[in-house]
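Peer 1: Protein sequence lines, in the order shown, are assigned to chains X and D. Residue numbering for the first sequence follows the numbering used here, beginning at 58 and increasing consecutively. Residue numbering for the second sequence follows the numbering used here, beginning at 390 and increasing consecutively. Note that CB positions come from ideal geometry on N, CA and C, so glycine has one too. Owing to the predicted nature of the structure, the values given are computational and were not obtained by experimental measurement.
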Amino acid sequence: MHVSKDIEEHSEDSRLVERIQAGDTGAYRQLVEKYQARIYSLIAGMVRDREEAHDLTQDAFVKAFKNLDRFRLESSFYTWLYRIAKNLTIDWLRKQKRRRAEEFDEGLAARESGGTISDSHLKESPGKELERSRLKDRIFDAMETLSPEHRQIILLREVEGFSYQEISEVMDIPEGTVMSRLFYARRKLQGLLRKDMEEAV
Amino acid sequence: MSESTQGPNFDGLEPIDALMCTLLEGSASADQKQEFLALVQEDPRFAGQSELLVRLRAAVLGEELDLDVLQEFLGALSAADGWDDFVECLRDESENTKSSVSGELTDSIMAAVDEEGLQFSRLYDGELTAEERQALAPMLEGNPVALAALSSHANLGRLIREAVAEHTRRDDLSGIWAGVAPAIGMPDPEYVEGWEPIGQALAQAVREHGFLEAEALESMASSIMEEVESFQERMQRAKAVDQPVTRRWFRWAIPTFALAAAAAALLFVPLIGEELEAESEDDLSIEYAEMDEAMIEDLEFAEDVLVHVMTEEDGSGPLIIMIDEDAGVLEFEDEDEGVWDTGEAI
């Protein structure tokens, strides 16, 4: 059933891409709206900063559109789009890493404030919301200790539910590497988040 | 594992080995590097190998790890404690991936060291073949280690999914297309017919704010308000010609109105009533509230100004003030966060 849904989705995407390639640019909006949440979630899991994630999501869609003539219809549009988003995100992370080294103080201040000064969670329901927000921060802190490649793999597996083969295709690495990276990423996160995981149980 | 070894969890490994994995992974701190070198120095397995230790020191403290030196080091380690597989794995991997990240090596090493853990990971992911599952089945029965590993994977997965959902759940993605459309040659979906001259006038007024005297501000406020009133008429005309006007326009129209009005009102903040937000055809109303009635929600940096986006405590509408570059520090008191300020002027 899942397979038939995938096939249906694939052919729907292919039809849209064909329309766009034939000049119906407006059809691209359907693809953007269909995949924006998934792409955004994955990018936001990588870069943490929501505004940057928003911009990178837009950039990914723009870049995908501009390269649509290179897209092969027999491929999965989402996989292809994700690969573009992944490359943009990793580029951004690398630039950010360099910049952070140069502007350490500013970066620290921005991170401490989480991009905005106030916490809208506080306004809603202080106790639970705050704890959830802190747990989220701890998880993101732990994720940030992983390399971008490891972070991507764990997000693709746990958030997107991709198989090793799909991850291998998206990231252009052998399945064996997917397996060992995922294993390592899990082990490292389990070590860092042991206390939270025990509490979750 | 040494208590001083922060970061990755290399359970079951000796401190020297755990630190080495951290080094290979590229996340070792300066202290960890020194700790590692000190442990190696004291280790009897390296007695009399001063030349290797010198090269190892250079490799560890250098910018990039020299894998050949590390292999040699691992060879010396394994000679005494059965790390042959570990070394073999590193050697094979390093041949293929010398130019790639050293993290790859760590992954493979950890996988080679903990074959069982790797199998559990694959089992949890549903990536074992039928034969592999059958072969693993006897080991799984009543095995608390297997159960713990699988439930740990499940918990971790859930935490990650919840964290990502929590991180993104409040995010408004409706603007994605608005950003994409103009870049690919489509009309800007946020374009509002008739807005341009008003927007330009307001932008100009805001830009000039820093240079205006009090008297000039008053006349500027009047001219802005005239424009704002005519905007309502323009909007109605735009509707009449069936121009699609989405709710999005007020997201930037409100701040722009408010910015301009704030420029005139200085320490007062304009409140734009819910009528506008509801996009009704009622008259546009701008009210003023005192600072102590406001609650800061967010801070945004515009090109030349610091803009405070605020709402009234009852949440009835957006409030915005503008502070110019010479504004300095403003202090605000918040029940939950105590006193905080806007920081130094931009």
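To the nearest angstrom, report how far apart X:K245 and X:P205 are at their CA atoms.
Peer 2: Locating residue 245 of chain X in the first sequence gives position 188, where the first residue counts as 1. Locating residue 205 of chain X in the first sequence gives position 148, where the first residue counts as 1. Cα-Cα distance, rounded: 14 angstroms.
Peer 1: Whose CA, out of X:K123, X:E226, X:T136, lies closest to the CA of D:M575?
Peer 2: Here the question's residue 575 of chain D lines up with position 186 in the second sequence. Comparing Cα-Cα distances from D:M575 to each of X:K123, X:E226, X:T136, the minimum goes to X:K123.
Peer 1: Whether or not the stretch 94-105 of chain X and the stretch 203-217 of chain X are in contact is what I'm after, with contact meaning three or more pairs of Cβ atoms, one per stretch, closer than 8 angstroms; do they touch?
Peer 2: yes
Peer 1: Give me the residue from D:I573, D:L562, D:A572 with the minimum Cα distance to X:A110.
Peer 2: Translated into positions along the first sequence, residue 110 of chain X becomes position 53. Ranking D:I573, D:L562, D:A572 by Cα distance to X:A110 puts D:L562 first.
Peer 1: Along the stretch 193-217 of chain X, where does the CB come closer than 8 angstroms to a CB of chain D? Name the residues.
Peer 2: K193, I196, F197, M200, T202, S204, E206, H207, I211, L212, R214, E215, V216
Peer 1: For D:G546, which residues in chain X fall below 7 angstroms Cβ to Cβ?
Peer 2: Within the second sequence, numbered from 1, the residue matching residue 546 of chain D stands at position 157. What D:G546 touches in chain X: E215.
Peer 1: Helix, strand or coil: which one does DSSP assign to X:P216?
Peer 2: Within the first sequence, residue 216 of chain X is the residue found at index 159, counting from 1. It is Val, not Pro, that sits at residue 216 of chain X in the sequence shown. Of the three classes helix, strand and coil, the one that applies to X:V216 here is coil, per DSSP.
Peer 1: Mind listing the chain X neighbours of D:G514? Cutoff is C-beta to C-beta under 9 angstroms, in chain order.
Peer 2: On the second sequence, residue 514 of chain D is found 125 positions in, with the first residue counted as 1. According to the sequence provided, residue 514 of chain D is Asp. The question's Gly does not apply to it. In chain order: R214, S220, Y221, M236, L239.
Peer 1: Output the distance between the C-alpha atoms of D:D420 and X:E201, rounded to the nearest integer angstrom.
Peer 2: On the second sequence, residue 420 of chain D is found 31 positions in, with the first residue counted as 1. On the first sequence, residue 201 of chain X is found 144 positions in, with the first residue counted as 1. D:D420 and X:E201: Cα-Cα distance of roughly 20 angstroms.
Peer 1: Once the 5 residues before and after X:Y221 are set aside, which same chain residues still bring their CB inside 7 angstroms of it?
Peer 2: Indexing the first sequence from 1 puts residue 221 of chain X at position 164. E232, V235, M236.
Peer 1: Determine the direct distance from the alpha carbon of D:R558 to that of X:L179, and round the result to whole angstroms.
Peer 2: Within the first sequence, numbered from 1, the residue matching residue 179 of chain X stands at position 122. Within the second sequence, numbered from 1, the residue matching residue 558 of chain D stands at position 169. At X:L179 the pLDDT is 34, less than 50, meaning the model places this residue with poor confidence; the figure from the coordinates comes in the next sentence. So the alpha carbons of these two residues sit roughly 16 angstroms apart.
Peer 1: Grouping DSSP H, G and I as helix and E and B as strand, with all else coil, what is X:M228?
Peer 2: On the first sequence, position 171 is the one that residue 228 of chain X refers to. It is helical.
Peer 1: Nearest to X:S71 by CA position, among X:S132, X:T114, X:E90, is which residue?
Peer 2: Taking the first sequence and counting its residues from 1, one reaches residue 71 of chain X at position 14. The residue with the shortest Cα to Cα distance from X:S71 is X:S132.
Peer 1: Label D:G568 either buried or exposed according to how many other C-beta atoms from any shown protein chain fall within 10 Å of its C-beta, with 16 as the threshold for buried.
Peer 2: What you label residue 568 of chain D is simply residue 179 of the second sequence in a count that begins at 1. Classification of D:G568: buried, given that the 10 Å Cβ count is 16 or more.
Peer 1: Where does X:K152 land, buried or exposed, given buried means 16+ other C-beta within 10 angstroms?
Peer 2: Reading the first sequence from its first residue, position 95 is the one you call residue 152 of chain X. So X:K152 ends up on the exposed side.
Peer 1: Would you mind sorting X:E181 into buried or exposed? The rule is 16 or more other CB atoms within 10 Å of its CB.
Peer 2: Start at 1 with the first residue of the first sequence, and residue 181 of chain X comes out as number 124. For X:E181, the predicted model reports a pLDDT of 45, less than 50, meaning its position is unreliable; a value from the coordinates is still stated below. So X:E181 counts as exposed.
Peer 1: Starting from the Cα of X:A142, find the closest Cα among X:M103, X:K252, X:R127 and give me that residue.
Peer 2: Position 85 of the first sequence holds residue 142 of chain X. When each option's Cα is compared against that of X:A142, the closest is X:M103.
Peer 1: Below 7 angstroms, is the gap between the Cβ of D:D514 and the nearest heavy atom of the ligand ADP?
Peer 2: This structure simply doesn't include the ligand ADP, nor any ligand for that matter.
Peer 1: How close, in whole Å, do the beta carbons of D:I565 and X:V89 come, if the pair is a contact with beta carbons under 8 angstroms?
Peer 2: The count along the second sequence starts at 1 and reaches residue 565 of chain D at position 176. The count along the first sequence starts at 1 and reaches residue 89 of chain X at position 32. That pair is a contact at about 6 angstroms.
Peer 1: Any Cβ of chain X within less than 8 angstroms of the Cβ of D:A552?
Peer 2: Start at 1 with the first residue of the second sequence, and residue 552 of chain D comes out as number 163. Proximity of D:A552 to chain X, defined by a Cβ-Cβ separation below 8 angstroms, is satisfied.
Peer 1: With burial defined as no fewer than 16 other Cβ atoms inside 10 Å of the residue's Cβ, what is the status of D:E440: buried or exposed?
Peer 2: As a first step, residue 440 of chain D is located in the second sequence; it is residue number 51 there, counting from the start. The residue in question, D:E440, is exposed, as its Cβ has fewer than 16 Cβ neighbours within 10 Å.
Peer 1: How long is the line joining the alpha carbons of D:D432 and D:L536, rounded to whole angstroms?
Peer 2: On the second sequence, residue 432 of chain D is found 43 positions in, with the first residue counted as 1. On the second sequence, residue 536 of chain D is found 147 positions in, with the first residue counted as 1. So the two alpha carbons sit approximately 37 angstroms from each other.
Peer 1: Secondary structure at D:P578, three-state DSSP: helix, strand or coil?
Peer 2: By 1-based counting over the second sequence, the position of residue 578 of chain D is 189. Note: D:P578 maps to coil in three-state DSSP.
Peer 1: When burial is assigned at 16 or more other CB atoms within 10 Å of the CB, is X:I64 buried or exposed?
Peer 2: Here residue 64 of chain X is taken as the residue at index 7 of the first sequence, counted from 1. By the neighbour-count rule (16 or more Cβ atoms within 10 Å), X:I64 is not buried but exposed.
Peer 1: I'd like the list of long-range same chain contacts for X:L203, defined as Cβ closer than 6 angstroms, with 5 residues on each side in sequence excluded.
Peer 2: Locating residue 203 of chain X in the first sequence gives position 146, counting from the first residue. Non-local beta-carbon contacts of X:L203 in its own chain, meaning distances under 6 angstroms to residues more than five positions away in sequence, involve A242 in chain order.
Peer 1: Count the other CB atoms within 10 Å of the CB of D:A570; is the residue buried (16 or more) or exposed (fewer)?
Peer 2: On the second sequence, residue 570 of chain D is found 181 positions in, with the first residue counted as 1. The residue is buried, with at least 16 neighbouring Cβ atoms inside 10 Å.
Peer 1: Anything in chain X within Cβ reach of D:G568, meaning under 7 angstroms, just list it in chain order.
Peer 2: Start at 1 with the first residue of the second sequence, and residue 568 of chain D comes out as number 179. Chain X residues near D:G568: Q115.
Peer 1: Kindly list, in the order they appear in chain X, the residues whose Cβ is closer than 7 angstroms to that of D:R511.
Peer 2: As a working mapping, residue 511 of chain D is identified with position 122 in the second sequence. Simply M236.
Peer 1: My output table needs one value for X:D194: the three-state DSSP class, helix, strand or coil.
Peer 2: Translated into positions along the first sequence, residue 194 of chain X becomes position 137. Looking at X:D194 - three-state DSSP - the assignment turns out to be helix.
Peer 1: Please tell me whether X:G164 has its Cβ less than 8 angstroms away from any Cβ of chain D.
Peer 2: In the first sequence, counting from the first residue as 1, residue 164 of chain X sits at position 107. Bear in mind that the predicted position of X:G164 carries a pLDDT of just 44, short of 50, making it unreliable; the figure below should be weighed with that in mind. Judged by the 8 angstroms Cβ criterion, X:G164 is not in contact with chain D.
Peer 1: Exposed or buried, what is X:Q259 when buried is set at 16 or more other beta-carbons lying within 10 Å of its beta-carbon?
Peer 2: Lying before the first or after the last residue shown, residue 259 of chain X is absent from chain X, which here runs from 58 to 258.
Peer 1: Are D:A519 and X:V119 closer than 8 angstroms when you measure CB to CB?
Peer 2: Here residue 519 of chain D refers to the residue found at position 130 of the second sequence. Here residue 119 of chain X refers to the residue found at position 62 of the first sequence. It is not a contact, given that the beta carbons lie outside the stated cut-off.
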